[in-house]
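Colleague:
Laid out in structure tokens, this is it:
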């Protein structure tokens, strides 16, 4: 029987697909409707959804408060989101005693996280993301930006120049290829996690649960 993983703040399922490929049965929860989520989905508040009946939990709380874009906006005197769902979700997850992963952007207050980069997975994006866990997680090696070359950005708009010598995808299909995702729309894609990241993390969770990956 497959181990069950609860995917909180699931979005359109980038993280979920990686955990599925690793071998989990995945159940997603998001306060917004997610018509293209590829697995069992519940539209609900992640802070009040029942956490019983699962073997592991993943959470990707909204990251706007901690993002570089938000910090730049504040420095320029502009308004930026101050919503913080990371702080309240952590104690709820910890109280279950289950293996867990919390994902967020650089700058988020995560505990001893590992960082993953698309360049080490052969992806077109870099999309650095941090992963906290109550298990010892292994990273995927140092970033390979030089070998990757000019990265493909998947941000709010297509065709705009972005920092670090990259350029946003010219089409939805180019953005999907860069992320390793083929089912999302552009608004869904821009906030997603490449499945390669959580396939790597998921294999480690399954090993900790003593289930062959």
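In my numbering, the protein residues as written are 1089 to 1301. Quick reminder that beta carbons are idealized off the backbone N, C-alpha and C, glycines included. Predicted, not measured: the structure shown is a model, and the values here were computed from it.
Can you tell me whether residue 1275 is buried or exposed? The criterion is at least 16 other CB atoms within 10 Å of its CB, across all chains shown.
Modeller: Locating residue 1275 in the chain shown gives position 187, counting from the first residue. Residue environment analysis places residue 1275 among the exposed positions, since fewer than 16 neighbouring C-beta atoms fall within 10 angstroms of its C-beta.
Colleague: With respect to the alpha helix (DSSP H) encompassing residue 1216, which residues constitute its N-terminal and C-terminal limits?
Modeller: In the chain shown, the residue the question calls residue 1216 occupies position 128. Where residue 1216 is concerned, there is no enclosing alpha helix (DSSP H), given that its DSSP letter is neither H nor E.
Colleague: Compare the Cα-Cα distances from residue 1212 to each of 1141, 1198 and 1241 and report the closest residue.
Modeller: Taking the chain shown and counting its residues from 1, the one referred to as residue 1212 is at position 124. Closest option to residue 1212, Cα to Cα, is 1241.
Colleague: By how many angstroms is the C-alpha of residue 1231 removed from the C-alpha of residue 1146?
Modeller: For the purposes of this step, residue 1146 is taken as the residue at position 58 of the chain shown. For the purposes of this step, residue 1231 is taken as the residue at position 143 of the chain shown. Their Cα atoms are separated by approximately 24 Å.
Colleague: Please state whether DSSP places residue 1177 in a helix, a strand or coil.
Modeller: In the chain shown, counting from the first residue as 1, residue 1177 sits at position 89. Helix, per DSSP.
Colleague: In terms of DSSP beta bridges, what is residue 1145 paired with?
Modeller: Residue mapping note: residue 1145 aligns to position 57 of the chain shown, counting from 1. 1094 and 1188.
Colleague: Suppose you measure from the CA of residue 1149 to the CA of residue 1207; what does that come to, to the nearest Å?
Modeller: The residue you call residue 1149 lines up with position 61 of the chain shown. The residue you call residue 1207 lines up with position 119 of the chain shown. For residue 1149 and residue 1207, the distance between alpha carbons rounds to 24 Å.
Colleague: Under the assumption that residue 1225 contacts residue 1202 (Cβ atoms under 8 Å), give the Cβ distance between them as a whole number of angstroms.
Modeller: On the chain shown, residue 1225 is found 137 positions in, with the first residue counted as 1. On the chain shown, residue 1202 is found 114 positions in, with the first residue counted as 1. The beta-carbon distance between residue 1225 and residue 1202, rounded to whole angstroms, is 5 Å. This is short enough to meet the 8 Å contact definition.
Colleague: Just confirm the distance between the C-beta atoms of residue 1093 and residue 1144, as a whole number of angstroms; I'd bet it's less than 8 Å.
Modeller: Along the chain shown, read from residue 1 onward, the residue named residue 1093 stands at position 5. Along the chain shown, read from residue 1 onward, the residue named residue 1144 stands at position 56. Confirmed, about 5 Å.
Colleague: Of the residues 1220, 1116, 1256 and 1132, which one's Cα is nearest the Cα of residue 1293?
Modeller: What you label residue 1293 is simply residue 205 of the chain shown in a count that begins at 1. For the residues 1220, 1116, 1256 and 1132, the minimum Cα distance to residue 1293 belongs to 1220.
Colleague: Would a C-beta distance cut-off of 9 Å place residue 1109 and residue 1290 closer than the cut-off?
Modeller: Here the question's residue 1109 lines up with position 21 in the chain shown. Here the question's residue 1290 lines up with position 202 in the chain shown. Taking 9 Å as the Cβ cut-off, residue 1109 and residue 1290 qualify as a contacting pair.
Colleague: Of the choices 1204, 1139, 1102 and 1222, whose alpha-carbon is the least far from that of residue 1049?
Modeller: Nothing can be reported for residue 1049, as the shown portion of the chain is limited to 1089 through 1301.
Colleague: Since residue 1187 and residue 1297 are thought to touch, with beta carbons under 8 Å apart, how far apart are those beta carbons, to the nearest angstrom?
Modeller: In the chain shown, the residue the question calls residue 1187 occupies position 99. In the chain shown, the residue the question calls residue 1297 occupies position 209. So it is a contact: roughly 7 Å between Cβ atoms.
Colleague: Nearest-angstrom Cα distance between residue 1158 and residue 1184?
Modeller: Working through the chain shown from its first residue, we reach residue 1158 at position 70. Working through the chain shown from its first residue, we reach residue 1184 at position 96. Residue placement at residue 1158 cannot be trusted, given a pLDDT of 49 that sits under 50; what the coordinates show is reported in the next sentence. Roughly 32 Å separates the two Cα atoms.
Colleague: Which residues mark the beginning and the end of the alpha helix (DSSP H) in which residue 1236 is found?
Modeller: Counted from its first residue, the chain shown places residue 1236 at position 148. From DSSP, the alpha helix (DSSP H) with residue 1236 extends over 1233 to 1236.
Colleague: Classify residue 1159 as helix, strand or coil using the three-state DSSP reduction.
Modeller: As a first step, residue 1159 is located in the chain shown; it is residue number 71 there, counting from the start. Caution applies to residue 1159, whose pLDDT of 43 falls short of 50 and renders its modelled position unreliable; the value that the coordinates give is listed next. Three-state DSSP puts residue 1159 in a helix.
Colleague: Is the distance from the Cβ of residue 1100 to the Cβ of residue 1286 below 9 Å?
Modeller: The residue given as residue 1100 occupies position 12 in the chain shown. The residue given as residue 1286 occupies position 198 in the chain shown. Taking 9 Å as the Cβ cut-off, residue 1100 and residue 1286 do not qualify as a contacting pair.
Colleague: DSSP three-state label for residue 1293, please.
Modeller: Indexing the chain shown from 1 puts residue 1293 at position 205. The answer is helix: DSSP assigns residue 1293 an H, G or I state.
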